[in-house]
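Presented below is the structure to which this report refers.
2 protein chains.
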Amino acid sequence: MKHPSLSLATEAAHALPGQSRYGALAATLRHRVVAGEWPPGTALPAEQLLAAEHGVALGTLRRALELLAEQGLIERVHGKGTFVRQGIAGASMLRFFRFGDSAGQVPDSRILSRQTVPASATVARALGLAPGEPVLRLQRLRLIDAQPCLLEDLCLPLDLFAPLVDGDPADWDALLYPMYARRCGVHVQRAIDDIGFGLLSAPQAQPLGLAAGHPAAVVTRLAYDLSGRCVEWRCTRGDAHAFHYTVTLT
Amino acid sequence: MKHPSLSLATEAAHALPGQSRYGALAATLRHRVVAGEWPPGTALPAEQLLAAEHGVALGTLRRALELLAEQGLIERVHGKGTFVRQGIAGASMLRFFRFGDSAGQVPDSRILSRQTVPASATVARALGLAPGEPVLRLQRLRLIDAQPCLLEDLCLPLDLFAPLVDGDPADWDALLYPMYARRCGVHVQRAIDDIGFGLLSAPQAQPLGLAAGHPAAVVTRLAYDLSGRCVEWRCTRGDAHAFHYTVTLT
């Protein structure tokens with residue numbers, strides 16, 4: 023599947039004046055991945071073949087591949103070759119929280135609402151839309167052992183996620199990213215989580231079984247696809263007392 | 023300066039049965055750094071010299087240096103050589119908080135109390151002491167533009183930090199780690215910060231100018247010196263609403 027806006031973005035990167043040869047080659051290879059020539063999980067052709075095909079030295083090709091690996095598009099598996107990354111599998115919110123004995127569990131998912139709504143200014147800016155353009159908005163509750171633990175607000179651009187507008191969300195998977203890939207051809211490759219704190223409003227507190235005004239950890243996520251386009255805005259709230267995260271400084 | 027306990031620790035590492043040759047060499051080199059032979063910030067001798075001195079192949083020496091670089095003890099500067107790392111400079115707590123327009127500012131420091139107290143079970147375990155052994159306990163307030171922003175509890179092992187037991191803390195630097203290095207010969211090389219949340223007790227809230235029960239981000243830090251010994255336990259509290267932290271997932 024080829025998205026016109028994505029092709030434009032990568033063509034533009036390809037044409038940057040003053041760009042190095044390996045940088046231009048990396049943009050071209052990214053373009054081929056985004057266009058679906060090598061789907062996520064598949065191996066790229068041998069380095070010698072790719073270098074010959076693009077008329078560059080092997081060293082130039084290798085620098086381009088290093089750049090794409092740094093950017094998270096591909097991964098080089100020692101002795102096996104170079105693969106297009108599968109993307110983020112999901113369940114990653116749980117690295118910020120500890121709910122009882124839940125380590126390693128995938129939380130259940132319950133879609134509380136699904137609407138097509140005009141994008142707020144914040145969401146429009148994140149998704150690269152004009153304010154007021156329609157987005158698919160989901161409210162989702164995540165549960166562990168039938169106990170509500172996280173409340174999520176998601177906004178998705180309609181042009182990519184049309185297959186999710188109809189049908190029964192009760193049939194959806196507990197993990198969204200593999201479902202985005204299967205149903206919509208969208209592969210989430212990178213996410214930036216911004217952690218902050220807030221107090222729950224009454225409508226936010228109720229599904230979580232907490233009192234209005236209860237302190238919450240608030241994780242605002244921007245998720246990006248293969249082409250670097252922001253494809254998901256997500257705001258996740260959970261009991262602040264269940265929040266834990268470890269950072270090493272050297 | 024040579025600390026007997028550190029030497030023992032590194033000798034033990036050196037003698038591990040089944041250890042690889044480069045692993046044993048890395049332990050020996052770490053021992054020489056800890057003993058003060060190459061102070062932080064100085065360059066190690068040339069690789070050929072070091073390899074000859076230890077009677078190993080250049081490849082073995084390089085693997086040992088790679089291991090020490092991964093562990094954060096040294097850094098290899100392309101074209102310049104291999105240096106003992108200076109350690110963490112300080113001011114790092116502010117990467118978790120945003121107080122107004124404070125980016126890049128070093129907060130002022132006010133020591134509220136300094137006592138020699140028996141270590142709690144938690145602190146003793148962190149610092150490798152027996153519960154009840156005495157530690158130097160500091161309570162410190164950090165201020166930006168004269169506004170209190172962070173309250174810190176610190177516990178330090180007395181054998182390393184004796185020079186801080188006497189003298190006027192008003193003369194201390196705003197950044198502790200450079201002062202630990204200068205006054206006590208302790209170089210903090212690595213810190214692990216565990217972020218959680220809590221509500222401020224009345225004695226915690228008062229110096230911060232907040233109400234008892236106010237939500238707080240609580241950062242519990244274990245800081246390690248060159249030898250890998252935990253030399254500081256620290257618990258920092260600040261207004262949860264000022265907490266922000268960004269994490270990228272790929």
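Chains as they are written, first to last, in our numbering: chain A, 23 to 272; chain B, 23 to 272. Ideal placement from N, C-alpha and C gives every residue a C-beta, glycine not left out.
Contacts of residue i in chain A (Cβ-Cβ under 8 Å)
i, result
"B:Arg212", "Thr270, Leu271 and Thr272"
"B:Ser114", "Leu271"
Of the listed residues the options, nearest to residue i (C-alpha basis)
i, options, result
"B:Ala192", "B:Arg52, B:Ser249, B:Thr64 and B:Arg136", "B:Arg136"
"B:Arg270", "A:Ala262, A:Asp215 and A:Ala227", "Just to set this straight, residue 270 of chain B is Thr in the shown sequence, not Arg. Residue A:Asp215 is the option with its Cα nearest to B:Thr270."
"B:Arg205", "B:Leu221, B:Gly220, B:Ala184 and B:Pro225", "B:Ala184"
"B:Leu134", "B:Ala111, B:Glu174 and B:Thr258", "B:Glu174"
"B:Ala264", "B:Asp123, B:Gln161, B:Ala79 and B:Glu254", "B:Asp123"
"B:Leu47", "B:Ala239, B:Ala86 and B:Ala74", "B:Ala86"
"A:Arg43", "A:Arg256, A:Pro200, A:Leu83 and A:Gly235", "A:Leu83"
"A:Pro129", "A:Gly103, A:Thr144, A:Val99 and A:Arg162", "A:Arg162"
"A:Thr272", "B:Glu69, B:Val78 and B:Gly109", "B:Gly109"
"A:Ala262", "B:Arg256, B:Cys257 and B:Val240", "B:Val240"
"B:Asp167", "B:Gln127, B:Asp195 and B:Gly189", "B:Gln127"
"A:Cys252", "A:Thr258, A:Ser131, A:Arg147 and A:Gln41", "A:Arg147"
"A:Leu186", "A:Leu165, A:Cys257 and A:Val157", "A:Val157"
"A:Leu230", "A:Phe121, A:Gly189 and A:Gly77", "A:Phe121"
"B:Thr242", "B:Gly58, B:Asp188, B:Pro200 and B:Val145", "B:Val145"
"A:Thr50", "A:Glu69, A:Ala68 and A:His76", "A:His76"
"A:Asp190", "A:Leu197, A:Leu172, A:Arg132 and A:Arg256", "A:Arg132"
"A:Leu222", "A:Asp195, A:Leu172 and A:Glu69", "A:Leu172"
"B:Leu198", "B:Ala68, B:Leu180, B:Ala143 and B:Ser114", "B:Ser114"
"B:Ala196", "B:Glu69, B:Leu165, B:Gln41 and B:Gly58", "B:Leu165"
"A:Arg256", "A:Pro179, A:Gly58 and A:Gln41", "A:Pro179"
Exposure of residue i, with buried meaning 16 or more beta-carbon neighbours within 10 Å
i, result
"A:Pro170", "buried"
"A:Gln226", "buried"
"A:Leu80", "exposed"
"B:Glu92", "exposed"
"A:Gly101", "exposed"
"B:Glu254", "buried"
"B:Gly150", "exposed"
"A:Ala152", "exposed"
"B:Leu182", "buried"
"A:Ala73", "buried"
"A:Gly260", "buried"
"A:Leu71", "exposed"
"B:Thr258", "buried"
"B:Ala37", "A caution first: B:Ala37 carries a pLDDT of 40, below 50, which makes its placement in the model unreliable, though a value can still be read off. By the 10 Å Cβ count, B:Ala37 comes out exposed."
Cβ neighbours of residue i in the same chain (closer than 8 Å, five flanking residues each side left out)
i, result
"A:Trp60", "Arg54, Leu66 and Val106"
"B:Tyr267", "Arg117, Phe118 and Ile217"
"B:Leu89", "Tyr44, Gly45 and Ala48"
"A:Phe219", "Pro237, Ala238, Ala239, Val240 and Ala262"
"A:Pro62", "Val106, Arg107, Gln108, Gly109, Ala203, His209 and Leu248"
"B:Ala68", "Gly103"
Residues of its chain near residue i, where Cβ-Cβ distance is below 6 Å and the 5 sequence neighbours each way are ignored
i, result
"A:Arg212", "Gly94 and Tyr246"
"A:Arg159", "Gln137, Val139 and Cys177"
"B:Glu155", "Ala141"
"A:Ala224", "Ala234"
Partners in chain A for residue i, counting only beta-carbon separations shorter than 7 Å
i, result
"B:Tyr267", "Ile217"
Neighbour list for residue i in chain B, Cβ cutoff strictly below 8 Å
i, result
"A:Ala262", "Phe219, Pro237 and Ala262"
"A:Ile110", "Leu271 and Thr272"
Any non-hydrogen atom of the ligand ATP within 6 Å of residue i CB
i, result
"A:Glu69", "This structure simply doesn't include the ligand ATP, nor any ligand for that matter."
Residues of its chain near residue i, where Cβ-Cβ distance is below 7 Å and the 5 sequence neighbours each way are ignored
i, result
"B:Ala233", "Ala227"
"B:Tyr2", "Any property of residue 2 of chain B remains undetermined from this structure, which presents chain B solely from 23 to 272."
"B:Thr104", "Ala65, Leu66, Leu87, Ile96 and Arg98"
"A:Val78", "Arg43 and Leu47"
"B:Ala35", "Its pLDDT being 38, under 50, B:Ala35 is placed unreliably by the model, and the measurement read from it follows with that caveat. If we look at B:Ala35 and ignore the five residues flanking it on each side, its Cβ neighbours are Ala49."
**Request:** Check each residue of the region 227-239 of chain B: if its Cβ is closer than 8 Å to any Cβ of chain A, include it; give the result in chain order.
**Result:** Pro237 and Ala239
**Chain-ordered residues of the region 88-99 of chain B with a beta carbon less than 8 Å from chain A** = Gly94
**Item:** Residues within the region 188-218 of chain A neighbouring chain B, beta-carbon criterion of under 9 Å
**Value:** Gln211, Arg212, Ala213, Ile214, Asp215, Asp216, Ile217 and Gly218
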